[in-house]
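Per our numbering, the sequence shown starts with residue 16, numbered consecutively.
Where is the CB? At the ideal position from N, CA and C, for every residue including glycine.
Below: the structure, in structure tokens.
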Amino acid sequence: MSDKAKRILWTLLKVGVTLGLLSYLALEIELGQALGLVSSAHPGPILIAIGMVTAQQFIIALRWKFLSDMQGESPRYSRFFRWTMEGLFFNQALPSSVGGDAIRVFRLARDGGLRLSRATSSVLLDRAFGLLGIVIISAAFLPSMFHLITDPVMQQGVVFLLAAALAAFVLFLVLDALPHSLRRWKVVAEFLNMSKQAREVLLTPAMLLKVGLATLIGQTLALSSFYVLALGIDVQVDYSVTMAVLPVAILIATIPVTIAGWGLREGVLVLALSYASVSEPEALALSVLFGLVQVAVGLPGGVFWLMARRRYELPQTQSPGPTA
């Protein structure tokens, strides 16, 4: 089977899993009531949530530029923002096996003039610190989570998930411990380089402050938008509950078996919010609204991509050497 056929098959599988999960939820939950809540949402909170998630994209682009600048000269900030929006569009709106991160790598390497390895490194580092921020926020709200969910099995599951995510990041930081026999492989060498750069961020106070603040502020904005959406459909839920539950749902939704986490996120939120006396239709409506806000914010990224598409279709010519 060719690589293209495998990508198509994987995309179809993700579409199937997504539709399967959403269909199951639709059959188990009063779908009409959930859709009614979505359609009757107050416009004010919806617009505020869109503004908060948009602000997060500005901050993500800034963090990405910080990480790229650490490796040498890089393009201006406005281009990082544009490429961040394009990445969000491909992550949220299309059943693509390419993914938003691959789009960001492509744009930074092709249009930014950076080596492919450096472009890949900056994007993966940005993704890693973004996920680390989710883990930190989730850990900070664990007391609220355990006060809400008293089932010991679920508590252990959450702790295992956070511990596994944190362990993966720590392992990433100490890749130098790999046997020397493995370092001759180019892909391993690239990951070793990224590992050193991640440690440099953590050990350099100025970089740690910039990347850390960008991460925590950006993630807090996105997570808080969920609470604003709850206000928009008159769902009574504490802010601490949303901050405890949503990060876990987002972490689980990063498992690449559905399109943009659809289905996985809804299932987790319906289950978790039921402990906070949020009805299943309300939880489903909230999750759908949260996903739709992500799609709405990503739409300008699709416009940016279409505006640049003509350039990609031009015959390739000899390009100048990489700038960094």
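- request: Keeping to the same chain, check which residues put their C-beta closer than 6 Å to that of arginine 214; ignore five residues upstream and five downstream.
  value: The residues are Leu188.
query: In three-state DSSP terms, what is methionine 85?
result: Correct three-state label for methionine 85: coil.
- request: Confirm, please, whether the CB-CB distance from proline 60 to leucine 246 is below 9 Å.
  value: One thing to note: leucine 246 has its Cβ within 9 Å of the Cβ of proline 60.
message: For glutamate 295 and leucine 244, what's the separation of their Cα atoms in angstroms?
response: The C-alpha of leucine 244 is placed about 16 Å away from the C-alpha of glutamate 295.
field: Minimum C-alpha distance to isoleucine 63 - residue among Ser239, Arg94, Phe105 and Leu301
entry: Nearest C-alpha to isoleucine 63: Ser239.
query: For glutamine 234, which of Gly114, Leu131 and Ala76 has the nearest alpha-carbon?
result: Nearest C-alpha to glutamine 234: Ala76.
field: threonine 219 - DSSP class collapsed to helix/strand/coil
entry: Of the three classes helix, strand and coil, the one that applies to threonine 219 here is coil, per DSSP.
message: For aspartate 141, report the span of its alpha helix (DSSP H) as first-last.
response: First-last of the alpha helix (DSSP H) with aspartate 141: 131 to 155.
query: Rounded to whole angstroms, how far is the Cβ of alanine 41 from the Cβ of isoleucine 248, which I believe are closer than 8 Å?
result: Not a contact, Cβ separation roughly 18 Å.
field: CA-to-CA distance, alanine 192 to leucine 307, given in whole angstroms
entry: One alpha carbon belongs to leucine 307, the other to alanine 192, and they sit about 43 Å apart.
query: Which residues in the same chain as tryptophan 320 place their Cβ atom closer than 7 Å to its Cβ, once the five residues preceding and following it in sequence are excluded?
result: The beta carbon of tryptophan 320 is closer than 7 Å to those of Glu101 and Phe104 in its chain, skipping five residues each way along the sequence.
task: Can you have a look at lysine 80 and say buried or exposed, based on whether 16 or more other CB atoms are within 10 angstroms of its CB?
output: With 16 or more other Cβ atoms inside 10 Å of its own Cβ, lysine 80 counts as buried.
- prompt: For the candidate residues Leu139, Gln171, Leu123 and Gln309, whose alpha-carbon lies nearest to that of glycine 66?
  reply: Measuring from the Cα of glycine 66, the nearest candidate turns out to be Gln309.
- prompt: Are the beta-carbon atoms belonging to proline 271 and isoleucine 149 less than 9 Å from one another?
  reply: For proline 271 and isoleucine 149, no; Cβs fall outside 9 Å.
message: What residue range does the alpha helix (DSSP H) around methionine 258 cover?
response: Counting along the chain, the alpha helix (DSSP H) containing methionine 258 begins and ends at 254 to 268.
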